[in-house]
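K.L.:
The sequence shown: position 97 = 97 (this note's numbering), numbered continuously. Backbone N, C-alpha and C fix where the C-beta goes; we use that ideal spot for every residue, glycine too. This one's a predicted model, so the numbers in the text were calculated from it and none came from an experiment. I'd like to ask you about the structure that follows.
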Amino acid sequence: MELAGLLKDIDYKCIQGTADKTGISGIAYDSRKVSGGNLFVCISGAVSDGHGFAMDAVSKGAIALVVEKPVEVPGNITVIKVADSRMALAKLSAAYFGHPAEELVTIGITGTKGKTTATYMMRSILEASGIKTGLIGTVETIIGDETVPSSNTTPESYIIQETFRRMVLAGCKCVVMEVSSQGLMLHRTGGFTFDYGIFTNLAPDHIGPAEHKDLADYIHCKSLLFRQCRHGIFNADDSHLEEILKGHTCDVETYGFAENADIRASSVQLFEKKGILGARYHMDGLIEMDVEIDIPGKFSVYNSMAAVSICRHFGVSNETILKSLSQVRVKGRVELIDVSPEFTVMIDYAHNAMSLQSLLETLKEYNPARLVCLFGCGGNRSRERRFEMGEVSSRLADLTIVTSDNPRNEEPEAIIEDIVTGVKKADGQYITITERPAAIRYAIENAKEGDVIVLAGKGHEDYQEIKGKKYHMDDRELVADVVNCGNFIK
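So, in structure tokens, the structure goes:
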């Protein structure tokens, strides 16, 4: 493929060599993956700068470079100067794969909570209506019958475009994907326009040296999706909606409990049946029906409303929507585990104070005999999060079991000590058990009739990260080990 053709939609200056008649065998943005005839895009990252690996890429066969700043390479190497190499990578990737987004209906979901569950709800409904739909998200990427575990909520732009092309080849007509604030900030979703963008909610998160400098930056990055989509669907009840709408270029549709929402929910009822915690509600406005979902809480009402708001644009029948919603299960998102009819065990990804508070407040509405919360906090992350989560759990749960999560390069006991500092700010009972398998065993073997036990923080993850290495560990398997041992009677 000719370099000049790939650069057609990019403002650039050729400062060395020529873009014309330069054939490119492929695109690379990691110097370790360069092969002969490649175009190497130098990206300035938080950890390393691709410009420093320009000569390494050339030595491996790169014949052209895209740069933001000066590099020293041999004179026979074509060097293309751009203002933003990340945006250039997105546009180059879209062109390289033949603009596959134009052959799909693209749906992007952003927000602090709800992205993962909402994407699965949408895909379930669309698939049930006969629309083959791909998915890109925190847990996995789904391409037809193939699933690939995810390493990032929103992959790099090259991977997104490659995945879109694979979806088209697999017969997909639509794709629904989670769009993180980092993904928007780093232009991973650049190079195409979403058909639909959805905003679920917003609260402070991902603020720190390696992420967003402050809340204003976080909100701004979330809002970028709505300058890159044709039709926007928004949670009308969120206090940050006005800020998210700032600068939007899309049509606007809303959902929520507010009277002025285009799609409204009312008459919410929580229910419990055969160990399942769920919710029923009435929906009216642009679409009217009674909805029942086997996922607990008001936040699940919001997620299902977001899904319905999208799917009505595809002409999906109410019957198909209701049947699909009743069958949706999302790994690591209020995921109920069948352990005993006497008590409830669930796994959830809640890994910050806001999400944990929302989850525990929701579960308390079901009036459990005891609410037991087991969690840890990740190492090399904000200490403030530990204090906050500890206090939230101690205030809302009857028993907090403090254990290990992903300690990374910190000592688990030091992290636990920070959490306990927060726990002691409220009056809930607590116990510390450093090893997560032992903590889960304690929670289940000491469960009482009517308990609701939450194993929080890990969610869909099936590993524990210690000193730079990931070791296999899955909360589901740890629960199964307890259930299957001779000492536990189901």
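Would you decide whether A216 is buried or exposed? Buried here means 16 or more other CB atoms lie within 10 Å of its CB.
P.N.:
Looking at its Cβ environment, which holds fewer than 16 other Cβ atoms inside 10 Å, A216 is exposed.
K.L.:
Roughly how many whole angstroms lie between the Cα atoms of M121 and K21?
P.N.:
Answer to the nearest angstrom: the Cα atoms are 47 Å apart.
K.L.:
Terminal residues of the continuous beta strand (DSSP E) containing Y302?
P.N.:
Y302 -> not in any beta strand (DSSP E); alpha helix (DSSP H) instead, spanning K298 to C311.
K.L.:
For a test of the three-state rule: what should DSSP assign to I233, helix, strand or coil?
P.N.:
I233: strand per DSSP, three-state reduction.
K.L.:
Specify the secondary structure class of Q228 as computed by DSSP and reduced to three states.
P.N.:
Note: Q228 maps to coil in three-state DSSP.
K.L.:
Using three-state DSSP, classify I43 as helix, strand or coil.
P.N.:
Here I43 sits in coil by DSSP.
K.L.:
Taking Cβ positions, are C172 and G144 nearer each other than 8 Å?
P.N.:
Yes; because the gap between Cβ atoms is below 8 Å, this pair is in contact.
K.L.:
Output the distance between the C-alpha atoms of D338 and L359, rounded to the nearest integer angstrom.
P.N.:
Approximately 19 Å, taken between the alpha carbons.
K.L.:
Could you pull the DSSP bridge partners for S266 from this structure?
P.N.:
In DSSP, S266 forms a bridge with H282.
K.L.:
Within 10 angstroms of the Cβ of H472, are there 16 or more other Cβ atoms? Answer buried if so, exposed if not.
P.N.:
Counting Cβ neighbours within 10 Å, H472 comes out exposed, since fewer than 16 surround it.
K.L.:
Going by the beta-carbon positions, is the gap between V423 and S382 smaller than 8 Å?
P.N.:
Contact flag unset, no.
K.L.:
Under three-state DSSP, which class holds H220?
P.N.:
Note: H220 maps to helix in three-state DSSP.
K.L.:
Among K469, T18, E411 and G390, which residue has its Cα nearest to the Cα of I431?
P.N.:
The shortest Cα separation from I431 among K469, T18, E411 and G390 belongs to G390.
K.L.:
Near T320, which residues of its chain fall below 8 Å by C-beta distance, leaving aside the five closest residues on each side in sequence?
P.N.:
Answer for T320: I125, A128 and S129, listed in chain order.
K.L.:
According to DSSP, which residues form a beta bridge with E292?
P.N.:
BP columns for E292 point to R280.
K.L.:
Go ahead and label C250 buried or exposed: buried means 16 or more other beta carbons lie within 10 angstroms of its beta carbon, across all protein chains shown.
P.N.:
By the neighbour-count rule (16 or more Cβ atoms within 10 Å), C250 is buried.
K.L.:
Taking the runs of the alpha helix (DSSP H) that are 4 residues or longer, which of them lie wholly in the stretch 43–76?
P.N.:
Segments of the alpha helix (DSSP H) lying fully in the stretch 43–76: 54–59.
K.L.:
Please return the same chain residues whose Cβ sits closer than 6 Å to the Cβ of S266, not counting the five positions on each side in sequence.
P.N.:
Same-chain partners within the cutoff: H282.
K.L.:
Kindly give me the distance between the Cβ atoms of Q269 and A261, rounded to whole angstroms, as I take these residues to be in contact under 8 Å.
P.N.:
Between A261 and Q269 the Cβ distance is about 20 Å, and since that is not below 8 Å, they are no contact.
K.L.:
Name the one or two DSSP bridge partners that K81 has.
P.N.:
Partner(s): K13 and V67.
K.L.:
Here's a check: name, in chain order, each residue in its chain whose Cβ is nearer than 8 Å to the Cβ of T78, leaving out the five neighbours to either side.
P.N.:
Counting only Cβ-Cβ distances below 8 Å, and skipping sequence neighbours, we find L3, C14, Q16, G17, T18, A19, T22, I63, A64 and L65.
K.L.:
Mind reading off the beta-carbon distance from V372 to I453? Whole number of angstroms is fine, and I expect it under 8 Å.
P.N.:
That pair is a contact at about 4 Å.
K.L.:
Near Y463, which residues of its chain fall below 7 Å by C-beta distance, leaving aside the five closest residues on each side in sequence?
P.N.:
Here the set comprises K470, Y471, H472 and M473.
K.L.:
With DSSP as the reference, please indicate the residues paired to D251 in a beta bridge.
P.N.:
According to DSSP, which records beta bridges pairwise, D251 is partnered with H231.
K.L.:
Is L478 close to chain C, meaning its C-beta is less than 8 Å from at least one C-beta of that chain?
P.N.:
Of the protein chains in this structure there is only one, and it is not chain C.
K.L.:
Roughly how many angstroms separate the alpha carbons of I107 and S355, rounded to a whole number?
P.N.:
Roughly 24 Å separates the two Cα atoms.
K.L.:
Using DSSP with H/G/I as helix, E/B as strand and the rest coil, what is N38?
P.N.:
Three-state DSSP puts N38 in a strand.
K.L.:
Note down, in chain order, each residue of its chain lying with its Cβ closer than 6 Å to the Cβ of C221, except the 5 sequence neighbours on either side.
P.N.:
Same-chain partners within the cutoff: S181, L184 and M185.
K.L.:
Compare the Cα-Cα distances from Y29 to each of D9, P149, L7 and S157 and report the closest residue.
P.N.:
Of D9, P149, L7 and S157, the residue nearest in Cα terms is S157.
K.L.:
Any heavy atom of the ligand FAD closer than 7 Å to the CB of L363?
P.N.:
In the structure shown, the ligand FAD is absent, as is every other ligand, since no ligand is present at all.
K.L.:
Taking the CB atoms as reference points, tell me whether N352 and G378 lie closer together than 8 Å.
P.N.:
Not in contact: N352 and G378 (Cβ atoms no closer than 8 Å).
K.L.:
Measure the C-alpha to C-alpha separation of L39 and L89 and round it to an integer number of angstroms.
P.N.:
Distance between the alpha carbons of L39 and L89 is about 10 Å.
K.L.:
Rounded to a whole number of angstroms, what is the C-alpha to C-alpha distance between M87 and Y302?
P.N.:
Whole-angstrom Cα-Cα distance: 33 Å.
K.L.:
What separation, rounded to the nearest whole angstrom, lies between the Cα atoms of K425 and K323?
P.N.:
Their Cα atoms are separated by approximately 45 Å.
K.L.:
Kindly indicate the opening and closing residues of the alpha helix (DSSP H) around R126.
P.N.:
The sequence shown places Leu at residue 126, rather than the Arg named in the question. First-last of the alpha helix (DSSP H) with L126: K115 to A128.
K.L.:
Which same chain residues end up closer than 8 Å to K113 when comparing Cβ atoms and leaving out the 5 residues on each side of it in sequence?
P.N.:
Here the set comprises T200, N201, A203, F299, M354, S355 and S358.
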